[in-house]
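Beneath this line is the structure, given in structure tokens, with notes to follow.
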Amino acid sequence: MSVHPQSVHFPIAFLLLAGGIYLYGLLKQQAFYNKMGYLLHVLGVCALALAIFTGRYASGQLAPPLTFEHLLNRHEWLAYLSILLYGLMLVWQYLRASRMNKAEHTAFVCVYLLASALLVYVAFLGGKMVYEYGAGVHAQ
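Residue numbers (the numbering used here): 492 to 631.
Rendered as structure tokens:
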């Protein structure tokens, strides 16, 4: 039994919520919200690493032939790109948070929201594999 279906919701929730809080912090210009966003960002990246790990294991358990292999490959590689982007942004926030001017802070939030759009697409592909192709679903 795969734990991937249970593990994927945490990074989505943490990372999307962090994006909303980063945006709110930008609008309110209050450091508290950036710290809160950063905490959720860290939790989200850790949860995303777990989701990717469990996804790699789950993909090895799928019975061939895979009629959705093209979706699986795209889902997998875009998940790697997502954790790379979120990880780099974590470093950016760690190194620059206290010294960001308004323009850099705006750029950070915009890039973060683009990374979040990518994450939503990765989740969409995962859902498509489950609901349209029955990936990981066992017959009763």
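Even glycine gets a Cβ: it sits at the ideal position worked out from N, Cα and C.
{"query": "Once the 5 residues before and after A570 are set aside, which same chain residues still bring their CB inside 8 Å of it?", "result": "L539, A542, I543, G546 and V613"}
{"query": "Do the CB positions of Y577 and G535 come within less than 9 Å of each other?", "result": "yes"}
{"query": "Check whether the region 544-563 and the region 506-525 touch, using three or more Cβ-Cβ pairs below 8 Å as the test.", "result": "no"}
{"query": "With distances taken between CB atoms, is the gap from F507 to S607 smaller than 9 Å?", "result": "Looking at the sequence itself, residue 507 is Leu, so the reference to Phe does not match. Yes, Cβ-Cβ distance for L507 and S607 is below 9 Å."}
{"query": "Among R565, R590, G625 and Y515, which has the Cα closest to the Cα of L604?", "result": "Y515"}
{"query": "Helix, strand or coil for P555? Go by DSSP, reduced to three states.", "result": "coil"}
{"query": "Where does the unbroken alpha helix (DSSP H) through C498 begin, and where does it stop?", "result": "Per the sequence shown, residue 498 should be read as Ser rather than Cys. That run of the alpha helix (DSSP H) goes H495 to S498."}
{"query": "Can you round the beta-carbon distance between L581 and V533 to whole angstroms, since I take them to be within the 8 Å contact cut?", "result": "7 Å"}
{"query": "For the candidate residues E595, R587, V611 and V602, whose alpha-carbon lies nearest to that of A504?", "result": "V611"}
{"query": "Considering only residues of the same chain and omitting the five flanking positions on each side of Y624, which have a CB-CB separation below 7 Å?", "result": "T558 and F559"}
{"query": "Leaving out the 5 sequence neighbours to the left and right, which residues in its chain are closer than 8 Å to L616 when beta-carbon positions are compared?", "result": "L562, R565, H566 and L569"}
{"query": "Confirm, please, whether the CB-CB distance from Y529 to A594 is below 9 Å.", "result": "no"}
{"query": "Looking at the secondary structure, which residues open and close the alpha helix (DSSP H) in which R587 lies?", "result": "E560 to R587"}
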